[in-house]
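Novice: Numbering (our numbering), first residue to last: 832 to 1018.
By construction, the Cβ of each residue, glycine as well, lies at the ideal position given by its N, Cα and C atoms.
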């Protein structure tokens, strides 16, 4: 027996309210499905992909990241001097220094993507030539020869939304760099 106010869809599913025809219900379900697909597609095609903020992520403990003991720059890079050097320094605000470093680079989950500590020669770059990612050069500036520094690079100063073969898009990078030598151009 069907009581007043109860409608039936199919054979035995009671719903409260006026009777709803099967075709009307199918139409509503299709409309809802189309709306859901539209919302999901819009979210997936957004021009603004998720970019993590250094302050909001967790770092593998083996990396020894300590944001509270680090200095944050205006660009969003963090650095912490593990050992302060005593020799010549990489100039801040001036270009043309030839910088020689040993380094190791990790993703925040401690996956190592680069390491030149065992290479025959230190890695060499010249400041201001954009031959390294912006965060690496910024992180080396102000270091003194013999110093060891940890730098935490936000995606915008690393490989950004492009990534590389071994670095996923929008990755935060962690480097430990040792400044072995700096050559300041003669002016």
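Flag this pair as yes or no: are the beta carbons of residue 1005 and residue 911 separated by less than 8 Å?
Specialist: Residue numbering aside, residue 1005 sits at position 174 when the chain shown is read from its first letter. Residue numbering aside, residue 911 sits at position 80 when the chain shown is read from its first letter. In this structure, residue 911 does not lie closer than 8 Å to residue 1005 by Cβ.
Novice: Report the three-state DSSP secondary structure of residue 798 (helix, strand or coil).
Specialist: In this structure the chain extends from 832 to 1018, so residue 798 is not present and cannot be described.
Novice: Please say whether residue 1015 and residue 928 have beta carbons closer to each other than 8 Å?
Specialist: If you number the chain shown from 1, residue 928 lands on position 97. If you number the chain shown from 1, residue 1015 lands on position 184. Yes, the Cβ-Cβ distance between residue 928 and residue 1015 is below 8 Å.
Novice: Whole angstroms are fine: how far does the CA of residue 982 sit from the CA of residue 943?
Specialist: For the purposes of this step, residue 943 is identified with residue 112 of the chain shown, where counting begins at 1. For the purposes of this step, residue 982 is identified with residue 151 of the chain shown, where counting begins at 1. Residue 943 and residue 982: Cα-Cα distance of roughly 14 Å.
Novice: How is residue 908 classed by DSSP in three states: helix, strand or coil?
Specialist: The residue labelled residue 908 in the question sits at position 77 within the chain shown. Three-state DSSP puts residue 908 in coil, outside helix and strand.
Novice: Label residue 969 either buried or exposed according to how many other C-beta atoms from any shown protein chain fall within 10 Å of its C-beta, with 16 as the threshold for buried.
Specialist: Within the chain shown, the letter at position 138 stands for residue 969. With 16 or more other Cβ atoms within 10 Å, it is buried.
Novice: Could you say if the stretch 972-980 and the stretch 994-1003 meet the contact criterion of at least three C-beta pairs nearer than 8 Å?
Specialist: With a cut-off of 8 Å, the stretch 994-1003 and the stretch 972-980 do not count as touching, because too few Cβ pairs lie within range.
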